[in-house]
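Colleague: One structure coming up, written as structure tokens, with questions to follow.
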Amino acid sequence: MDRTVVITFLGVRPKLTQYKLQDKIGEGEVFAKALHQLIHFDQMLVCATEQAHNECWHVVEELQDERILEIPIPEGRNPEEMWQIFERILPYVKEDDEVIFDITHGLRSLPFLVFLFAAYLQFARQAKIKAIYYGALELKDSDIAPVLELTDFVAMLDWLVATDQFIQTGNAQRLANLINSGRNRELSKAAEKLIEVSQAALWCQPFKLMESAETLNMDVNIGGKQSEQRTIPFSILQERVVSTYSQFAAKPSNLEEAVKKEYQMILWYLEKSQIVQAVTLAREWLIDVITWKLGYPWSLETTDREIMERGISGLARLGRADQSEEQVNPNEVARKLQGWPEKGDLCKFWDTLSSVRNSFDHAEHQKDSMKLKTIRKNINEIQKQLQALAALWKIT
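Residue numbers (the working numbering): 131 to 526.
This is the structure:
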């Protein structure tokens, strides 16, 4: 069963005050005492400096509640003391705990540290940040101070992680999940569209990506559609998300347009370190390029593409010293490619690409599987060879 753990900081100037949280009122010389009346918890960790202990600990101690534990902490005057605060609190928070933070009496940088604690506990300990409270004594009205709930800002931690994942990898799945965390129909549609285009990119579905990206701007434009504050972080990021995918928009009407779009995607995959997708698409791209350069009809039929594939692989085999034309038995495509000045570069690219793709496909289930160092070296070669051929063929 999940525990609810309160982490609060003890002040140094006791003052009897009434605090209101929603429709409940609690009273105490320190906020921890008021909080004791306002919420349910399984354990309360009261962090106290030496001065706070001397001035105010007796107020909490008088409650005689075994659930309350004092945690001696330094004042946080330097980074070393800040780390000590973190290290002293951490052992008391277990995995899957529900944590409530109180920053009412936090000194100096402690409120800032609380949000860092929250981030760490949420991702490293799988703790659930249930609430962050601040007893706003300075906003006291009719002798009652409101308790501000800053919990919504904890969601910024999720947005930060989701945004970083998107920027680093192009994966917008986490962003979509955050948008779709409520019950707003229009936001659900926006999230579904974002998931669709993100999955098309990550699963290496170039034509679906082109199709989905065409209406992305209209479908995920949530700025004026609703007033839910939780989506404000996305509305700020929205333009970047749209521009990332919209560069691939518009399904090509001919093969030349297709190879240019596909080339753009391959470079994007390489930039985002999506190497498996880059290699997978690069192989299909090369077949499309050869089809286009030779003037053959563009086809997605397996038999048609196998003809082009056998032609490229046949050319590569003809370039090897131990392979004669009689042994290779080149098809029409291979014979045509033999007349290309760049046939040597084409063969090197195909061989490197095929070996890396084969290594990925077999997931190291081969006796002489390619080592990581070799894969990295070959990926660098693939990128150089890809860009050189694209420049030669004026695809850039």
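All C-beta atoms, glycine included, are put in the ideal place defined by N, C-alpha and C.
Assuming contact is defined by CB atoms lying nearer than 8 Å, are residue 142 and residue 181 in contact in what I supplied?
Modeller: As a first step, residue 142 is located in the sequence shown; it is residue number 12 there, counting from the start. As a first step, residue 181 is located in the sequence shown; it is residue number 51 there, counting from the start. It is a contact, given that the beta carbons lie within the stated cut-off.
Colleague: Could you name the residues of the same chain whose beta carbon sits closer than 7 Å to that of residue 193, not counting the 5 residues immediately before and after it, in chain order?
Modeller: Locating residue 193 in the sequence shown gives position 63, counting from the first residue. Around residue 193: 163 and 166.
Colleague: Please work out which residues of its chain come closer than 7 Å, Cβ to Cβ, to residue 466, disregarding the five sequence neighbours upstream and downstream, and give them in chain order.
Modeller: Here residue 466 is taken as the residue at index 336 of the sequence shown, counted from 1. Answer for residue 466: 424, listed in chain order.
Colleague: Ignore the nearest five residues each way along the sequence and tell me which others in residue 321's own chain have a CB closer than 6 Å to its CB.
Modeller: For the purposes of this step, residue 321 is identified with residue 191 of the sequence shown, where counting begins at 1. Around residue 321: 306, 309 and 310.
Colleague: List the whole-angstrom C-beta distance separating residue 441 from residue 461, where the pair is believed to meet the contact cut-off of C-beta under 8 Å.
Modeller: On the sequence shown, residue 441 is found 311 positions in, with the first residue counted as 1. On the sequence shown, residue 461 is found 331 positions in, with the first residue counted as 1. Rounded, the Cβ-Cβ distance is 5 Å, consistent with contact.
Colleague: So, under 8 Å CB-CB, residue 396 and residue 516 are touching, yes? Tell me the CB distance rounded to an integer number of Å.
Modeller: Looking up residue 396 in the sequence shown gives position 266. Looking up residue 516 in the sequence shown gives position 386. The Cβ separation is near 7 Å, so the contact holds.
Colleague: Alpha helix (DSSP H) containing residue 309: first to last residue?
Modeller: For the purposes of this step, residue 309 is taken as residue 179 along the sequence shown, with counting starting at 1. That run of the alpha helix (DSSP H) goes 303-309.
Colleague: Quick check: the Cα distance between residue 526 and residue 519, rounded to an integer number of angstroms?
Modeller: Residue 526 sits at position 396 when you count from the first residue of the sequence shown. Residue 519 sits at position 389 when you count from the first residue of the sequence shown. Rounded to whole angstroms, residue 526 to residue 519 spans 10 Å at the Cα level.
Colleague: Put residue 173 into one of helix, strand or coil per three-state DSSP.
Modeller: To locate residue 173, count along the sequence shown from 1; it is residue 43. Strand at residue 173.
Colleague: Are residue 300 and residue 374 closer than 8 Å when you measure CB to CB?
Modeller: Within the sequence shown, residue 300 is the residue found at index 170, counting from 1. Within the sequence shown, residue 374 is the residue found at index 244, counting from 1. Closer than 8 Å, so yes.
Colleague: Is the Cβ-Cβ distance between residue 223 and residue 251 less than 8 Å?
Modeller: In the sequence shown, residue 223 corresponds to position 93, counting from 1. In the sequence shown, residue 251 corresponds to position 121, counting from 1. Contact: yes.
Colleague: Leaving out five residues on either side along the sequence, give the residues of the same chain with a beta carbon under 7 Å from the beta carbon of residue 272.
Modeller: For the purposes of this step, residue 272 is identified with residue 142 of the sequence shown, where counting begins at 1. If we look at residue 272 and ignore the five residues flanking it on each side, it has no Cβ neighbours.
Colleague: Along the chain, where does the alpha helix (DSSP H) that runs through residue 349 open and close?
Modeller: Residue 349 sits at position 219 when you count from the first residue of the sequence shown. Element bounds for residue 349: 346-349.
Colleague: For the beta strand (DSSP E) that residue 137 lies in, which residues bound it at each end?
Modeller: Residue 137 sits at position 7 when you count from the first residue of the sequence shown. Note, residue 137: beta strand (DSSP E), 134-139.
Colleague: Taking the runs of the beta strand (DSSP E) that are 3 residues or longer, which of them lie wholly in the segment 208-257?
Modeller: 228-232
Colleague: Rounded to whole angstroms, what's the CA-CA distance from residue 530 to residue 279? Just pull it up for me.
Modeller: The structure shown has nothing for residue 530, since the chain only spans 131 to 526.
Colleague: Suppose the cutoff is 6 Å on Cβ atoms and the five residues either side in sequence are ignored; what does the same chain contact list for residue 103 look like?
Modeller: Residue 103 lies beyond the range of the chain shown here (131 to 526); nothing can be said about it.
Colleague: Verify whether the separation of the beta carbon atoms of residue 376 and residue 347 is less than 8 Å.
Modeller: By 1-based counting over the sequence shown, the position of residue 376 is 246. By 1-based counting over the sequence shown, the position of residue 347 is 217. Yes. Within cutoff.
Colleague: To the nearest angstrom, how far is it from the Cα of residue 511 to the Cα of residue 362?
Modeller: Residue 511 sits at position 381 when you count from the first residue of the sequence shown. Residue 362 sits at position 232 when you count from the first residue of the sequence shown. Taking the straight line from one Cα to the other gives about 43 Å.
Colleague: Between the Cα of residue 435 and the Cα atoms of 450, 445 and 415, which residue gives the shortest distance?
Modeller: Locating residue 435 in the sequence shown gives position 305, counting from the first residue. When each option's Cα is compared against that of residue 435, the closest is 415.
Colleague: For residue 248, is the classification buried or exposed, using 16 other Cβ atoms within 10 angstroms of its Cβ as the cut-off for buried?
Modeller: Counting from 1 along the sequence shown, the entry for residue 248 is found at position 118. By the 10 Å Cβ count, residue 248 comes out buried.
Colleague: Hey, could you find the ends of the alpha helix (DSSP H) residue 190 is sitting in?
Modeller: Within the sequence shown, residue 190 is the residue found at index 60, counting from 1. Start and end: 180-191.
Colleague: Cα-Cα, which of 157, 351 and 394 is closest to residue 319?
Modeller: Here residue 319 is taken as the residue at index 189 of the sequence shown, counted from 1. Measuring from the Cα of residue 319, the nearest candidate turns out to be 351.
Colleague: I'd like to confirm the pairing. Which residues does DSSP put opposite residue 274 in its beta bridges?
Modeller: Position 144 of the sequence shown holds residue 274. Bridge partners of residue 274: 148 and 271.
Colleague: Could you give the distance in angstroms between the alpha-carbon of residue 406 and the alpha-carbon of residue 331?
Modeller: On the sequence shown, position 276 is the one that residue 406 refers to. On the sequence shown, position 201 is the one that residue 331 refers to. Residue 406 and residue 331: Cα-Cα distance of roughly 12 Å.
Colleague: Run through DSSP, which three-state label would residue 264 get?
Modeller: Reading the sequence shown from its first residue, position 134 is the one you call residue 264. Reduced to three states, the DSSP call for residue 264 is strand.
Colleague: On a Cα-Cα basis, can you pick out the residue from 175, 176, 369 and 275 that is closest to residue 149?
Modeller: Against the sequence shown, residue 149 aligns to sequence position 19. Closest option to residue 149, Cα to Cα, is 275.
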